[in-house]
Structures are given as C-alpha cells and as structure tokens.
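Note sheet for the following structure.
Protein chains: 2
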Amino acid sequence: MLRISKLTDYATVLLAHLAEDGAGQRTAVELAEWSKIGLPTVSKVLKELQRAGLVVSTRGARGGYSLARSADTISAADILDAVEGPIGLTECSIHPGQCELESNCRVGRTWQRVNLAIHQALADLRLTDLANAEAGAIPELIIRIGPRLTIRSRTESA
Amino acid sequence: MLRISKLTDYATVLLAHLAEDGAGQRTAVELAEWSKIGLPTVSKVLKELQRAGLVVSTRGARGGYSLARSADTISAADILDAVEGPIGLTECSIHPGQCELESNCRVGRTWQRVNLAIHQALADLRLTDLANAEAGAIPELIIRIGPRLTIRSRTESA
DNA sequence: TGGATTCAGGACCATTTTAGTACTAATAAG
DNA sequence: CTTATTAGTACTAAAATGGTCCTGAATCCA
Chain A
0 MLRISKLTDY ATVLLAHLAE DGAGQRTAVE LAEWSKIGLP TVSKVLKELQ
50 RAGLVVSTRG ARGGYSLARS ADTISAADIL DAVEGPIGLT ECSIHPGQCE
100 LESNCRVGRT WQRVNLAIHQ ALADLRLTDL ANAEAGAIPE LIIRIGPRLT
150 IRSRTESA
Chain B
0 MLRISKLTDY ATVLLAHLAE DGAGQRTAVE LAEWSKIGLP TVSKVLKELQ
50 RAGLVVSTRG ARGGYSLARS ADTISAADIL DAVEGPIGLT ECSIHPGQCE
100 LESNCRVGRT WQRVNLAIHQ ALADLRLTDL ANAEAGAIPE LIIRIGPRLT
150 IRSRTESA
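Taken in sequence, the protein lines are chains A and B. Mapping the first sequence onto numbering that gives the first Met the number 0, position 59 (from 1) lands on 58, and the numbers just tick up by one. Mapping the second sequence onto numbering that gives the first Met the number 0, position 137 (from 1) lands on 136, and the numbers just tick up by one.
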C-alpha cells in the first residue's frame with residue numbers, strides 16, 4: 000500500500016513535539032535526543048521544514064527551531080509536500096501528456112482524482128490532530144471514493 | 000505526495016483492458032502490443048496478478064489471461080495489494096512495536112488510521128470505475144479525515 | 001574582537017527499492 | 001514432436017532513500 004517516507008514520519012514526530020504546550024523553541028540537538036533520531040537526520044529534516052516555511056529558525060547561540068505558525072494551521076498535507084515534494088500518485092498526476100500510454104489509458108484520470116482526494120483529506124488533518132491523537136481528537140475518519148459506500152472508523156479501531 | 004509504483008499503474012491499465020466488453024482472454028503479447036508496455040514487464044505484472052488471484056491464466060497454445068472475476072468485484076485496493084504487497088504508510092503500520100520511537104511517538108496511531116482509511120476507500124473503488132472513468136462512473140469522490148471538513152470533487156474537476 | 005553555539009547549504013555515500021530483462025521449466029494444442 | 005504460451009526465478013541497472021559530513025554564515029556573549 001501507499002507509503003510515506005521515514006523522513007516524513009520523522010517530520011511529523013518532530014513537529015508534533017514542537018506543537019506541545021509551551022514547547023517553544025528547541026535546538027536540533029534537543030530534538031534529536033528527545034526523539035532518539037540521529038542528529039544529522041534531525042537537522043536535515045528541520046532544514047527542509049524551514050525552507051518550506053513550517054518552522055522558523057534562529058541561528059547562533061541560543062538559537063533553535065519553533066513552529067512558524069499555530070499547530071492548527073499546519074496540515075499533514077503541508078508536511079508531506081514539504082518533505083517529499085508534490086509527487087503524484089502516478090507520473091501523469093504531475094506531468095500530464097508525457098505518458099505514451101495516455102491514448103489507451105482510461106485509468107489515469109481516476110488515479111489523478113484519487114490523488115487529489117487524498118491530498119485534500121490530508122489537508123484537513125492538522126498538526127493539532129497528529130499531536131493529540133490519544134486525546135481522541137480525531138473522532139472519525141472517513142474516506143470515500145465513489146458514491147457507493149462510506150466507511151467510518153471510530154477512534155478505537157473498528 | 001503518496002505514490003503508487005509504475006507496475007501498479009500498469010496493472011490497472013491492463014486489468015481495465017481485460018475488463019472491457021468482450022475482451023475475454025488475451026495473451027501477454029497482445030496486451031503488450033496494445034498497451035505499448037514492454038513484453039517482459041507485462042508478463043511480470045500478469046504473473047503477479049495471477050498469483051494474487053485477480054486473473055486466471057491458461058498455458059500452452061491458445062492460452063492467455065482473463066479476469067478471475069467480474070470487474071465490479073475487483074477493487075483498486077486488491078490491485079495495490081497484489082502488486083505492491085500490504086505496505087503500510089509507516090513502518091509501524093505493519094510491524095507495530097518495532098519502532099524505537101514509539102514511546103514518544105504520538106503520531107503513529109494517526110498515520111495508521113489514515114492508512115486504514117485510504118485502504119478502505121480504495122477498496123470501494125472498483126475496476127469498473129477505473130475502466131469507465133470518462134463515462135462519468137465516478138460522480139463523486141470524498142475523502143474525509145477528521146470531523147471538520149468534507150471535500151467533494153465532481154467529475155470534471157472542482 | 002574572538003570564541004562558542006547553532007543553523008544553512010551542499011556534496012556525498014551506502015543501502016534499498018524499483019523497473020526491467022533473461023533464461024529455463026512446465027503445460028497445452030494440434 | 002513442435003509450437004505457443006505461461007510459471008518461476010535469478011539477475012542487472014537505475015533510481016530513490018536514508019543517513020553522514022563538511023564548510024560557511026549568523027548570533028550571542030564575554
């Protein structure tokens with residue numbers, strides 16, 4: 000099934016920590032120690048998040064990273080886009096017209112719509128939700144593609 | 000953003016063709032010529048689909064491949080699972096407990112639920128839909144994660 | 001001013017994954 | 001028996017991924 004990269008996963012872990020009450024500013028070293036992720040890797044991820052504008056950094060002694068805006072204005076889609084770039088589900092999601100198969104291909108359009116739908120759903124999932132998962136902040140999660148069925152999953156499985 | 004592999008894309012193209020009216024049985028050679036995908040690759044994909052039970056094959060002269068069951072009982076999730084295996088969005092979606100970060104990690108559970116939701120949504124997207132995308136067979140596509148927002152996208156964008 | 005701290009920007013490498021190929025064996029038809 | 005066609009598997013090449021390292025730039029503080 001679909002996968003997010005480890006680096007994206009790290010990014011969400013780190014951002015969720017920065018989003019905790021009064022976390023304020025943290026250095027890469029602190030975040031690495033807390034998360035048990037290697038320092039160089041933590042640095043790399045944070046640098047990418049900085050470029051994407053999700054965190055702000057201050058250099059020098061007493062520097063560090065903090066969220067660039069409030070946790071409920073940062074979405075999972077923002078994080079994905081920041082770390083993995085806007086990679087589509089299929090080649091033709093990003094570069095339409097470059098696929099030789101397109102003449103025969105009836106499935107491309109559908110994949111593009113699936114891609115869009117997932118993206119939009121993730122845009123509705125906020126860092127606040129990620130950070131407070133166990134507090135039951137995500138009471139339901141619905142993904143529906145096509146008119147037939149709706150699946151609901153309540154917080155505790157099922 | 001999330002990505003499906005090229006092989007999975009090929010699989011949907013090929014299956015969609017097999018699902019067309021009266022397509023019946025086709026050889027790997029025919030499918031390769033029609034789709035413009037290389038023969039060895041087509042063969043590889045079809046073999047995987049056969050192992051997964053999505054197509055049936057007959058060997059020997061006059062052999063070939065055809066759908067194992069009707070196109071509306073084959074879902075996009077079936078195809079993904081067949082070609083890519085049940086890879087989760089994150090490591091801990093598949094092997095819970097093997098991640099050193101889990102103690103601190105508040106985000107894992109959420110990703111697992113996103114993973115599940117996407118999977119279930121794809122289970123509702125049938126080969127019939129993929130094959131007939133332009134006939135408007137997918138009037139709406141809704142993915143919702145979290146209680147806040149619902150996004151609808153009608154067939155012709157937006 | 002100079003040293004210490006901390007981030008920025010790359011280059012770089014190792015490993016894994018993905019895509020694609022090739023070869024041999026098995027099965028079926030005629 | 002010959003031809004057509006899939007099954008299985010091993011293999012290779014290319015790309016993506018994860019992770020490291022080094023050098024430079026900003027900032028603080030003594």
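Glycine included, C-beta positions come from ideal geometry on N, C-alpha and C. Since the model is a prediction, treat every value here as computed from it, not as a measurement.
- Neighbours of V41 (chain B) across chain A, judged by C-beta separation under 7 angstroms, do not exist; the nearest C-beta is about 12 angstroms away.
- L126 (chain A) places its beta carbon 7 angstroms or farther from that of A67 (chain A).
- Within the region 3-23 of chain B, the residues whose Cβ lies closer than 7 angstroms to any Cβ of chain A are, in chain order, I3, D8, T11, V12 and A15.
- Residues of chain B whose Cβ lies closer than 8 angstroms to the Cβ of V106 (chain A) are, in chain order, D8, T11, V12, A15, L129, A130 and A132.
- Nearest to L124 (chain B) by alpha-carbon distance, out of A:E29, A:V113, A:A122 and A:A120, is A:V113.
- Taking a contact as a CB-CB distance under 8 angstroms, the pair I3 (chain A) and L115 (chain B) does not count as one, their CB atoms being some 14 angstroms apart.
- For S34 (chain B), the secondary structure class from DSSP, reduced to helix, strand or coil, is helix.
- Per DSSP, the beta-bridge partners of G63 (chain B) are B:T57.
- Here R25 (chain B) is bridged, per DSSP, to B:Y64.
- DSSP places S42 (chain B) in the helix class (H, G or I) of the three-state scheme.
- Comparing C-alpha distances from A51 (chain B) to each of B:V41, B:P39 and B:L79 shows the shortest one belongs to B:L79.
- Counting C-beta atoms within 10 angstroms of its own C-beta, E32 (chain B) has fewer than 16 neighbours from the protein chains shown and is therefore classed as exposed.
- Note on geometry: alpha-carbon atoms of D77 (chain A) and A122 (chain A) lie some 7 angstroms from one another.
- D80 (chain A): member of the alpha helix (DSSP H) spanning A75 to E83, first to last residue.
- Within the same chain, Cβ atoms closer than 6 angstroms to the Cβ of L30 (chain A) are found at L13 and V41, the five residues on either side in sequence being excluded.
- Counting along the chain, L124 (chain B) sits inside no alpha helix (DSSP H), nor does DSSP assign it H or E at all.
- Annotated three-state conformation of E47 (chain A) is helix, per DSSP.
- For T72 (chain B), there is no enclosing alpha helix (DSSP H), since its DSSP letter is neither H nor E.
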